[in-house]
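Structure, as C-alpha cells:
2 protein chains.
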Amino acid sequence: MAKDNEKTNELVVGVDLGGTKILAAVITADGKILGQAKRKTKPEAGTESVIDRIVKTVDDALGSAKLTRSDVRAVGIGAPGPIDPDTGTVLMAPNLNGWENVALAKMLRDQLDLPIFLDNDVNVGTLGEYVYGAGRGASDVIGVFVGTGVGGGLIIGGQLRSGARHAAGEIGHMIVLADGPFCGCGNRGCIEALASRTAIVQSLRMAVLSGRKTVLADALAGGGVERLSSGALAQAWKANDTLTVEVLSRVQHYLGLHIASLVNFMDPELIVLGGGVIEALGEDFLPPIRRVAYQHFTQRRDANRVKIVMSQLGDNAGILGAAVTARFHLNS
Amino acid sequence: MAKDNEKTNELVVGVDLGGTKILAAVITADGKILGQAKRKTKPEAGTESVIDRIVKTVDDALGSAKLTRSDVRAVGIGAPGPIDPDTGTVLMAPNLNGWENVALAKMLRDQLDLPIFLDNDVNVGTLGEYVYGAGRGASDVIGVFVGTGVGGGLIIGGQLRSGARHAAGEIGHMIVLADGPFCGCGNRGCIEALASRTAIVQSLRMAVLSGRKTVLADALAGGGVERLSSGALAQAWKANDTLTVEVLSRVQHYLGLHIASLVNFMDPELIVLGGGVIEALGEDFLPPIRRVAYQHFTQRRDANRVKIVMSQLGDNAGILGAAVTARFHLNS
Numbered sequence: 059m060a061k062d063n064e065k066t067n068e069l070v071v072g073v074d075l076g077g078t079k080i081l082a083a084v085i086t087a088d089g090k091i092l093g094q095a096k097r098k099t100k101p102e103a104g105t106e107s108v109i110d111r112i113v114k115t116v117d118d119a120l121g122s123a124k125l126t127r128s129d130v131r132a133v134g135i136g137a138p139g140p141i142d143p144d145t146g147t148v149l150m151a152p153n154l155n156g157w158e159n160v161a162l163a164k165m166l167r168d169q170l171d172l173p174i175f176l177d178n179d180v181n182v183g184t185l186g187e188y189v190y191g192a193g194r195g196a197s198d199v200i201g202v203f204v205g206t207g208v209g210g211g212l213i214i215g216g217q218l219r220s221g222a223r224h225a226a227g228e229i230g231h232m233i234v235l236a237d238g239p240f241c242g243c244g245n246r247g248c249i250e251a252l253a254s255r256t257a258i259v260q261s262l263r264m265a266v267l268s269g270r271k272t273v274l275a276d277a278l279a280g281g282g283v284e285r286l287s288s289g290a291l292a293q294a295w296k297a298n299d300t301l302t303v304e305v306l307s308r309v310q311h312y313l314g315l316h317i318a319s320l321v322n323f324m325d326p327e328l329i330v331l332g333g334g335v336i337e338a339l340g341e342d343f344l345p346p347i348r349r350v351a352y353q354h355f356t357q358r359r360d361a362n363r364v365k366i367v368m369s370q371l372g373d374n375a376g377i378l379g380a381a382v383t384a385r386f387h388l389n390s
Numbered sequence: 059m060a061k062d063n064e065k066t067n068e069l070v071v072g073v074d075l076g077g078t079k080i081l082a083a084v085i086t087a088d089g090k091i092l093g094q095a096k097r098k099t100k101p102e103a104g105t106e107s108v109i110d111r112i113v114k115t116v117d118d119a120l121g122s123a124k125l126t127r128s129d130v131r132a133v134g135i136g137a138p139g140p141i142d143p144d145t146g147t148v149l150m151a152p153n154l155n156g157w158e159n160v161a162l163a164k165m166l167r168d169q170l171d172l173p174i175f176l177d178n179d180v181n182v183g184t185l186g187e188y189v190y191g192a193g194r195g196a197s198d199v200i201g202v203f204v205g206t207g208v209g210g211g212l213i214i215g216g217q218l219r220s221g222a223r224h225a226a227g228e229i230g231h232m233i234v235l236a237d238g239p240f241c242g243c244g245n246r247g248c249i250e251a252l253a254s255r256t257a258i259v260q261s262l263r264m265a266v267l268s269g270r271k272t273v274l275a276d277a278l279a280g281g282g283v284e285r286l287s288s289g290a291l292a293q294a295w296k297a298n299d300t301l302t303v304e305v306l307s308r309v310q311h312y313l314g315l316h317i318a319s320l321v322n323f324m325d326p327e328l329i330v331l332g333g334g335v336i337e338a339l340g341e342d343f344l345p346p347i348r349r350v351a352y353q354h355f356t357q358r359r360d361a362n363r364v365k366i367v368m369s370q371l372g373d374n375a376g377i378l379g380a381a382v383t384a385r386f387h388l389n390s
C-alpha cells in the first residue's frame, strides 16, 4: 500500500490488449511506470477467459508496484478492432477469436470495481506517443504502425479523432496501388497488402517458389505468417540477404508513397512510425522511406517541418496511451 | 445605398479568384446573394492588372446590389494555390501566371479600404458547401473537386483544417496507383493523373492515336487540355460515345477507390463532389463512384451513414465560402 494518498490518487492502470499478449502497468501522471505485468491472451479459450486474464494481469501489475485496486483511479485499455469508446464495446476483433460487440468495459468494471475506459489499440498507441513519446509538443500527428497488418492513429489539434463511425485511422486500407495484390480485407492494393509483415512474407514466399535464394528459406517453408518473426526478418535484412533487401526496398518505396499521400492530405507536423516490423528493423530502415516521402510532397516548401520519426515508446506506447485515455476521460 | 443599417452591417463580399475568371458577390449572413459580377482574370497581364480587375469586379457586384463599399464589412477571397491565411499571401499559384508570395490581402486592402480575408479556393468552396450547401448539419466533411486538376478541402469538427504548412487538403496528389501515369506535379499515379480533365483528355488522345473512334476526335485534335470543355465531354458521355464511356468508367473506378481511402482514413460523415467535370456530368455520374467507394470501406457497418453527394452550390460555392471565411474572421 502506498503512503502518499495525494500522489496515489493520480495513478491509473494502462492495459494493452493484443491478440497474443496482455500488458498492464501502473502509471503516474507524468508517465512513469511503477509496476507492470504481462500474460498470454489465449483468445481461443473464450471471452470470459480473456476477461479473467486481463483482471489477473491488472492485479499483478498493481502487486508488482505494491499497490491495490483502491490505489488507482481508473483503468484505460487499448483493444484491437473498431471500438465504440462511448459504450466501451469492442465492435469487431478478428484477432480476439472473432469478438463481436463485446461489452468489455462493463465486464471489467463488474470485476475490478473501477472506472474502465476503452479505445482502439492503435489510437491509444498514437496517443501514447503524442503525450509521452515522439509526438510531444506537436499538434497534428499521424501514427503509422507496421506489424502483421498496418494500422494508424490520427491526432488533429491535439485531439484523437475517431470519426463519425469510430472507424477513423484505418490507414492500412488506404489504396496505394489500385487493382494491386489482394489484401486480407478483401480489397486490392491497400498499403497493408504491400507493406505489412503478411505482405512481406507473401512476397518472399513467391520469390522462393520461383527459385530465388534467401537465408530465410527454411523459416518461410510452410505455416502461416507467424512462421517468420519480425526479428528474423530484421536479421536477414541487416545481414544484407539480397532477396530480403530487395523485398524490403519495395516496402520502403510504398511506405514512402503512402506517407506522402497522408501528408498531402493532412499536412501534419509529425508522422510516427512504429509497430513490430519497424521496431525490429530500426532507425536504419527509415532514410529511404523519408526520401521517397519528401520527394512526393506536393508542397516542397518547409518540407523539413514535417518530421517522419520512429516511435520512442516501442512496446510501451500501448500501456502509456491507455493510461492517457483513462486520464482524459477522468478529467472531462 | 441601403436603408436598413443593421442589416447592411452584416453584408460581406465574397470573391472567387480563378485562373480564367473572377466572380464577386454581395452576400447576407444567411447566404443570400444580393448582387454579383464577373470578369476575366487575364493573369498574363500581370499582378497589378489582376488586382485592378478584382477591385472592379467587387465594385460591380456592389453596384448591381445598389450598394457601396461602406455598406459591407469585409471582403473574403478564395484564391488558387497554397495560401497563408494569416498574412493573406498567395504563396504559389501556377494558374495565376506563376504568382509567388503575392501579398494579395494587403494590396486589395490598400485599394478597397476594407478588411480582406484570404484562403485557398478549394478550402473556401468546401466551407461554402459546409455552411450553405450539401454539408449543412455535418461535422466532418471532405470536399473533392474534379476539374482541370483535382482539389480538396477538409473540415473536421466543424473547422476548416489548413495543416501545419497551410498545405492540407491536397487530395489531388494522394497516390492511388503507385508508379502509374505521370502527374502535372512531377510524381506518378496521383488521383489527379487518373481522374482530372487533364488526365481524361490525355487518355482520350492516346486512344484516338491508337485508332479508336470517338465523337470527340475533332475536339481533341491539337491544342491543350482546354480544347475539350467539360460540357463537350459530358455531351459525348450522355450520347453514349463508347470510348468516352470507357475512359470515364475508369475515372469513376479511381474516384471510388480514392474516396474509400479518404473514408478509411478520416471516417467523415460526408464527401461532397464538385468541380467542373462533376458539375457537367451531373448526378448520373455518381452511382458507380458510390458503388466502388462503399465496396472498399474497411468498416462496412453503418456504411450508409457516410454520404457521397453532389455539390449543391455549383459555381457559387466559391463566392459563398469566401463570404463565410470573411465572416469567420470578423467574428473571431
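These protein sequence lines are chains Z and W, in that order. Quick note on the working numbering: the first sequence kicks off at 59 and runs consecutively. Quick note on the working numbering: the second sequence kicks off at 59 and runs consecutively. Glycine included, every Cβ here is placed at the ideal spot set by N, Cα and C.
Item	Value
Hey, how far is the Cα of alanine 290 of chain W from the Cα of alanine 222 of chain W?	40 Å
Spatial neighbours of glutamate 64 of chain Z within its chain, please: C-beta separation below 8 Å, excluding the five flanking residues on both sides.	Per-residue confidence for glutamate 64 of chain Z stands at a pLDDT of 46, beneath the threshold of 50, marking its modelled position as unreliable; the derived number appears in the next sentence. Result list for glutamate 64 of chain Z: empty, nothing under 8 Å.
What are the start and end residues of the beta strand (DSSP E) that includes arginine 285 of chain W?	Neither: arginine 285 of chain W is in no beta strand (DSSP E) and is coded neither H nor E.
Answer yes or no: does any C-beta atom of chain C fall closer than 8 Å to that of glutamine 357 of chain Z?	Given the protein chain composition of this structure (Z and W), no chain C is represented.
List the endpoints of the continuous beta strand (DSSP E) containing isoleucine 91 of chain Z.	91-98
Which word fits alanine 132 of chain W, buried or exposed, when buried means at least 16 other C-beta atoms lie within 10 angstroms of its C-beta?	buried
Is the Cβ of proline 152 of chain W closer than 8 Å to any Cβ of chain Z?	no
Cβ closer than 7 Å: which chain W residues qualify as neighbours of asparagine 245 of chain Z?	His354
Residues of chain W with CB under 8 Å from glycine 221 of chain Z, in chain order?	Asp198, Met324, Asp325 and Pro326
Under three-state DSSP, which class holds valine 305 of chain W?	helix
Measuring alpha carbon to alpha carbon, tell me which residue in W/Leu262, W/Ile141, W/Cys243 and W/Val180 is nearest alanine 163 of chain W.	W/Ile141
Give, in chain order, every residue of the stretch 249-264 of chain W whose Cβ lies closer than 7 Å to some Cβ of chain Z.	none
Give the residues of chain W in contact with arginine 363 of chain Z, contact being defined as C-beta atoms less than 8 Å apart.	Ala222 and Arg223
Starting from leucine 235 of chain W, find everything on chain Z with Cβ-Cβ shorter than 7 Å and list it in chain order.	Leu235 and Ala236
Return the CA-CA distance between lysine 100 of chain Z and serine 107 of chain Z, expressed in angstroms with no decimal places.	8 Å
Hey, which unbroken runs of the beta strand (DSSP E) at 3 residues or more fall wholly within the stretch 301-349 of chain Z?	328-332
Residues of chain Z with CB closer than 8 Å to the CB of alanine 226 of chain W, please, in chain order.	Phe323, Met324 and Asp325
Going by other Cβ atoms of all chains shown within 10 Å of its Cβ, with 16 needed for buried, is alanine 82 of chain Z buried or exposed?	buried
Within the chosen definition, does the stretch 369-380 of chain Z reach the stretch 191-202 of chain Z through at least 3 CB pairs nearer than 8 Å?	yes
Examine the Cβ distances between the stretch 77-97 of chain W and the stretch 116-124 of chain W and report whether three or more of them are shorter than 8 Å.	yes
So the alpha helix (DSSP H) aspartate 276 of chain W belongs to, where does it begin and stop?	275-278
I'd like to know whether the C-beta atoms of alanine 236 of chain Z and leucine 235 of chain W end up nearer to each other than 8 Å.	yes
When the Cα of valine 116 of chain Z is compared with those of Z/Leu69, Z/Leu252 and Z/Gly334, which residue comes out closest?	Z/Leu69
Among Z/Leu149, Z/Thr145 and Z/Ile109, whose alpha-carbon lies nearest the alpha-carbon of aspartate 360 of chain W?	Z/Leu149
For leucine 315 of chain Z, which residues in chain W fall below 7 Å Cβ to Cβ?	Ile233 and Ala236
At the level of alpha carbons, what is the spacing between glutamine 169 of chain W and glycine 207 of chain Z?	57 Å
Can you list, in chain order, the residues of its chain with a C-beta nearer than 8 Å to that of glycine 89 of chain W? Leave out the 5 residues immediately preceding and following it.	Val189, Tyr190, Leu378 and Ala381
What are the start and end residues of the beta strand (DSSP E) that includes phenylalanine 386 of chain Z?	Here phenylalanine 386 of chain Z belongs to no beta strand (DSSP E); instead the alpha helix (DSSP H) covers 375-388.
Whose CA, out of W/Lys296, W/Thr147, W/Phe323 and W/Met165, lies closest to the CA of methionine 232 of chain W?	W/Phe323
Let me know if asparagine 389 of chain W comes out buried or exposed under the rule of 16 or more other beta-carbons within 10 Å of its beta-carbon.	exposed
Could you give the C-beta distance for threonine 105 of chain W and valine 160 of chain W, rounded to a whole number, given that I count them as a contact under 8 Å?	6 Å
Determine the chain W residues that contact leucine 149 of chain Z at a beta-carbon separation under 9 Å, and present them in chain order.	Gln357 and Arg359
Mapping DSSP to helix, strand and coil, what is glutamine 357 of chain W?	coil
Thinking glutamate 250 of chain W and glycine 230 of chain W are a contact (beta carbons under 8 Å), I'd like their distance in whole angstroms, please.	4 Å
Do you know offhand how far phenylalanine 35 of chain Z's Cα is from aspartate 198 of chain Z's?	Residue 35 of chain Z is absent from the model: chain Z starts at 59 and stops at 390.
So, helix, strand or coil for leucine 69 of chain Z, using DSSP?	coil
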